[in-house]
Amino acid sequence: MAPNKPRNIPTDSDLSQAKYIEDKELGSLTSTEGTTVSAPLPFTDAATKKLLRKLDFHLIPFLALLYLLCYLDRTNVGNARLVNLEKDLKMKGLDYNISLAIFFPFYVAAEIPSNMMLKRTRPSIWFTLIMVCWGLIMLCMGFVDNFSGLLACRAFLGIAEGGLFPGVSYFITMWYRRTECGLRMALFFSAATLAGAFGGLLARAISQMSGIGGRPGWSWIFILEGLMTLFIGSFSYWLINDYPATAKFLTSEERTEVQRRMAEDDGLSDDFHLKYVIQAFQDWKIWANMFITIGLFTPLYSISLFLPTIINELGYTANATQLMTVPVYVVACFCTICGSLASDKVGQRGPFLMGFAMLAITGFLMLISSGKPHIQYTGTFLAASGIFPTVPLIGTWNSNNIGGSLKRGVGIAMQVGFGNFGGAVAGFVYLAQDQPRFIKGHAILIALLSMSLSLSTFMTYYYRRENSRRDAILRGRNMTLGDYSCDMKWEEREKGDDATFFRYTV
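In this note's numbering, the protein residues as written are -4 to 501.
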């Protein structure tokens, strides 16, 4: 009997590289029988636009609804304050500010572990779990009868909500190319501005239920909004699509195309390994973005939590104040979507971020320089219209410029987490002793926005210079980005955004 011919047994490294190339080119490997499986051709422009519209329709609306409920439940305490929350819970001095601030340390602590759990489990499971948890906590908040109970609920609410914003920011990068994420992030985050508008209208209506069931109006705000979250959360598991490879609403050709587009856009490691977590913590660029973010999130939360109070101090009644917050948020929503849409079209983030920061500074300067109600009310429009668009812009800018799946997930959580410390600061920006003008609070926010503006200017310059340096290296080798093969990308796949084929979004 003739001996068997020796076979070349591939090593683990060979198999890993083959898997990588197969993932990146989706089937363009030569099989063991010697037949070549050709890679599928990219979609035409028209087919790609149709595919993106399909992704948008099935992904973004429900994600936006989740964040609307999340932001509504987080900030409705500002509306509840106008209907005797402090009086009924016997709060005094800085008690209200403390109840706002206690939310954020727990919120921040939950963000990085949450994004790692999202990577480890599945979005449909993780998002549903945290949503049901915060809905139950919000429901419980409606039954507190003292200040300590309110603090406990706000702390647990921070833990439950902490994973949604960084999680969805990370989730969007799994479906869309870097140049397409800005608009989707804006559509998702615009739910925060809608929550502000909707929250004012809803609080105005619910507060009329005061006395029903022996509960005050502020209690019913928490109870009904908590029940609404639980209702949506009860079927969210079946509405959230996990990954392109398993999306049931896509055809097999569309799933392949989404994966091909993502592979072409990145080409870096998708492994779950501790070294990528360490890379994220050692990357100074992420830390720079973290400081930009805290300079933006502090004004964001200050406006969200105190806008009813600011307008109320202009001399309007509580009911009028609830309604007068609505137009401010509607205009901010429009600016948020238009700003990110233009940013995607141009392919740049930094210049838009700087422009909106300057608009917000102008709004706060109007608030600080004039005591006339109509000028101050106009200032709230400019402040909100400048602040809200910066949030999806800085989120997209940071995620666009982090290479590698796990490093990006951790980097997003670091950025959002550190930025949300601004929420704790925001709780003490506008103090009762500074009423009615809140000059000190406005000055603090102008200083923070100026810091973010300066850092954004520097990072824009750095990214532009670094891209030029890497282009010069390629020219010295008589190469272009299109000359990189899968093998060449494989050699640098663990370098993340330090890979020579990676280009930063300016």
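Where is the CB? At the ideal position from N, CA and C, for every residue including glycine.
Closest by C-alpha distance to residue i, when choosing among the options
i    : options                : result
F376 : S394, L354, L84        : L354
Q274 : D493, L50, D40         : D493
M285 : N462, I407, V341       : I407
L222 : G137, M483, L54, S338  : G137
L80  : V139, L60, A59, F99    : V139
G422 : L302, V411, R460       : L302
R210 : A315, A198, D83        : D83
N110 : V78, E156, K87, F151   : E156
M204 : T288, V78, F292, T357  : V78
F497 : S338, T188, R173, L182 : R173
E220 : W233, N236, A200       : A200
M446 : A198, V405, R48, T288  : T288
S231 : T495, F57, L245        : F57
Alpha-carbon to alpha-carbon, residue j and residue i
i    : j    : result
V103 : R403 : 17 Å
K490 : C148 : 42 Å
A467 : I397 : 21 Å
T6   : N393 : Since pLDDT at T6 reaches only 42, below the 50 mark, its modelled position is unreliable, and the value read off the structure follows with that caveat. So the two alpha carbons sit approximately 37 Å from each other.
V253 : F193 : 35 Å
P346 : F101 : 33 Å
R117 : V127 : 16 Å
L124 : L401 : 21 Å
T70  : Y271 : 34 Å
G350 : S451 : 10 Å
K243 : L234 : 11 Å
I227 : I107 : 25 Å
S119 : F433 : 43 Å
E20  : R464 : Unreliable positioning characterises E20 in this predicted model, as indicated by a pLDDT of 45, which lies under 50. A coordinate reading is not provided.
R344 : G208 : 51 Å
S338 : N462 : 19 Å
Environment of residue i [buried if 16+ CB atoms lie within 10 Å]
i    : result
F453 : exposed
M409 : buried
G206 : exposed
P239 : buried
A352 : buried
E470 : Note that residue 470 is Arg in the sequence shown here, rather than Glu. Exposed is the call here.
V323 : buried
Q430 : exposed
K114 : buried
Y62  : buried
N141 : exposed
W121 : buried
H437 : buried
V341 : exposed
G130 : buried
L348 : buried
C213 : Looking at the sequence itself, residue 213 is Trp, so the reference to Cys does not match. Buried, since its Cβ has 16 or more Cβ neighbours within 10 Å.
C333 : exposed
D40  : exposed
A427 : exposed
W215 : buried
E248 : exposed
G417 : buried
| What runs of the alpha helix (DSSP H), each 4 residues or longer, lie entirely inside the segment 87 to 164? | 90 to 96, 98 to 115, 118 to 136, 142 to 156
| query | Curious, which full-length beta strand (DSSP E) runs of at least 3 residues does the segment 46 to 70 contain? | reply | none
| In chain order, which continuous runs of the beta strand (DSSP E) of length 3 or greater are located wholly inside the segment 388 to 459? | none
| field | Contiguous alpha helix (DSSP H) assignments of at least 4 residues, all confined to the segment 195 to 252 | value | 212 to 228
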